[in-house]
Amino acid sequence: MGHPDSSAERAARDTGARKRPEEQRLGPVLRRRDKVQAGTTDQRLLDSDGGPSEWVHTDPWRVLRIQSEFIEGFGTLAELPPAISVFGSARTGEGTPEYAAGVEIGKALVEAGFAVITGGGPGAMQAANQGAVEAKGTSVGLGIELPFEQGLNPYVDIGVNFRYFFVRKTMFVKYAQGFVVLPGGLGTLDELFEALTLVQTRKVTRFPIVLFGSQYWGGLVDWLKNTVIAQGKASEADLLLFHVTDDVEEAITLVTKEVGK
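Okay, structure coming up:
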């Protein structure tokens, strides 16, 4: 028969218990000390006390929205024929030479056997979609939720609107065999340099990137040569990742040559 614990032993045990951190496991998540939450995950899910709706703005809920955007994009675009993404400014005016070039590029891509994917907005994007429709091809627009509402242009036959830029960018790359980049602003530059980075780092199989408009893009190319490459921030070989042309037929030839169509 054991001896009863002394008061000192009980005090030592109680002190040790107080020092052990309070611990809570919520699925794969571990919480301790003051980070322990009241209740359980199921309780919070099933509780219908009419409380605030902040939960729909939390990061875990956003993950589900992001997942749903990927599913909608993949499901809509998976059966597209070979396609080319065409980027360009939303501010390109109808009736301008740049707009006319966009229409011709859209037509020529369809005649070469490609669907045309754009950001679905106005300007150069609308021009490429218009050319695709006029050539009786597949015209796709991948729109984005913006504070200033644009909506999809009337020449988009298959359209998907996204909340998140990075999901939309994935669709541009995943379902295109190449890019044609018309004169554009910050959004166009963003798409261009993301594509160049993906090709340079071999995150995607090499595919052609054609910059249309040598006068517009010439300053950028000179900066890459004379500053970025000259200072060792990129290699001379990186200039081979894209082509510059002013000729619609040449742009299409570069695309068809490199993707084997």
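In my numbering, the protein residues as written are 1136 to 1396.
Ideal placement from N, C-alpha and C gives every residue a C-beta, glycine not left out.
Checklist entry - So what does DSSP say about Leu1277, is it helix, strand or coil? => result Leu1277 falls in the strand class under three-state DSSP.
Checklist entry - What is the DSSP secondary structure of Gly1237, counted as helix, strand or coil? => result Helix at Gly1237.
Checklist entry - Considering only C-alpha positions, which residue in the set Gly1320, Pro1343, Leu1277, Glu1158 is nearest to Ala1330? => result Ala1330 has its Cα closest to that of Pro1343, out of Gly1320, Pro1343, Leu1277, Glu1158.
Next on the checklist: Considering only their Cβ atoms, is the gap separating Ala1236 from Val1383 smaller than 8 Å?
Outcome noted: Cβ atoms of Val1383 and Ala1236: closer than 8 Å.
Next on the checklist: Which same chain residues end up closer than 7 Å to Thr1336 when comparing Cβ atoms and leaving out the 5 residues on each side of it in sequence?
Outcome noted: For Thr1336, where only same-chain residues beyond five positions count, there are no Cβ hits under 7 Å.
Next on the checklist: If contacts are defined as beta-carbon pairs under 8 Å, then Glu1246 and Ala1270 qualify, I think. What distance do you get, rounded to the angstrom?
Outcome noted: At roughly 6 Å, the Cβ-Cβ gap stays under 8 Å, so Glu1246 and Ala1270 are in contact.
Next on the checklist: Closest to Pro1289 by C-alpha separation, out of Phe1297, Gln1312, Gly1256, would be which residue?
Outcome noted: Among Phe1297, Gln1312, Gly1256, the Cα nearest to that of Pro1289 is on Gly1256.
Checklist entry - If you run the structure through DSSP and keep just helix, strand and coil, what is Glu1385? => result When DSSP states are grouped into helix, strand and coil, Glu1385 belongs to the helix group.
Checklist entry - For Leu1389, which residues of its own chain have a beta-carbon under 6 Å away from its beta-carbon, when the five flanking residues on both sides are left out? => result If we look at Leu1389 and ignore the five residues flanking it on each side, its Cβ neighbours are Pro1343, Val1345, His1378.
Checklist entry - So, is Leu1244 buried or exposed, given that buried needs 16 or more other C-beta atoms within 10 angstroms? => result Answer is buried; the Cβ neighbour count reaches 16.
Item to check | Exposed unless 16 or more other CB atoms sit within 10 angstroms - verdict on Ile1206 | outcome: That one is exposed.
Checklist entry - Do the CB positions of Gly1276 and Gly1248 come within less than 8 Å of each other? => result It is not a contact, given that the beta carbons lie outside the stated cut-off.
Next on the checklist: Can you give me the C-alpha to C-alpha distance between Ser1274 and Gln1261, rounded to a whole angstrom?
Outcome noted: If you take the alpha carbons of Ser1274 and Gln1261, they lie about 10 Å apart.
Checklist entry - Between Asp1292 and the rest of its own chain, which residues show a CB-CB distance below 6 Å, the 5 nearest in sequence each way excluded? => result Cβ within range, chain order: Ser1274.
Item to check | Rounded straight-line distance, which links the Cα of Thr1340 to that of Thr1305 | outcome: Answer to the nearest angstrom: the Cα atoms are 14 Å apart.
Next on the checklist: Spatial neighbours of Thr1391 within its chain, please: C-beta separation below 7 Å, excluding the five flanking residues on both sides.
Outcome noted: Exclusion of the five residues before and after Thr1391 leaves Ala1247 as the residues of its chain whose Cβ lies within less than 7 Å of its Cβ.
Next on the checklist: Going by DSSP, what residue range makes up the beta strand (DSSP E) through Ala1369?
Outcome noted: For Ala1369, there is no enclosing beta strand (DSSP E), as DSSP marks it with neither H nor E.
Item to check | Rounded Cβ spacing between Leu1359 and Leu1374 (contact assumed at less than 8 Å) | outcome: The pair is a contact, with the Cβ atoms about 7 Å apart (cut-off 8 Å).
Checklist entry - In three-state DSSP terms, what is Asn1288? => result Residue state, collapsed to three classes: coil.
Item to check | Nonlocal neighbours in the same chain, by C-beta distance under 7 Å from Ala1152, ignoring five residues either side | outcome: Confidence at Ala1152 is low in this model, with a pLDDT of 46, below 50, so the placement of that residue is unreliable and no value is reported for it.
Item to check | Beta-carbon gap between Glu1385 and Phe1222 smaller than 8 Å | outcome: Not closer than 8 Å, so no.
Checklist entry - Using DSSP with H/G/I as helix, E/B as strand and the rest coil, what is Phe1111? => result The structure shown does not extend to residue 1111, since the chain spans only 1136 to 1396, so no value can be given for it.
Item to check | Buried/exposed call for Phe1209, threshold 16 Cβ in 10 Å | outcome: By the neighbour-count rule (16 or more Cβ atoms within 10 Å), Phe1209 is not buried but exposed.
Checklist entry - Do you know whose CA, among Phe1301, Val1238, Asn1361, Gly1272, lies nearest Gly1278's CA? => result For Gly1278, the closest alpha carbon among the candidates Phe1301, Val1238, Asn1361, Gly1272 is that of Phe1301.
Next on the checklist: Let's see if you can read the secondary structure: which residues bound the beta strand (DSSP E) around Val1397?
Outcome noted: No statement about residue 1397 is possible, as the shown extent of the chain runs from 1136 to 1396 and does not include it.
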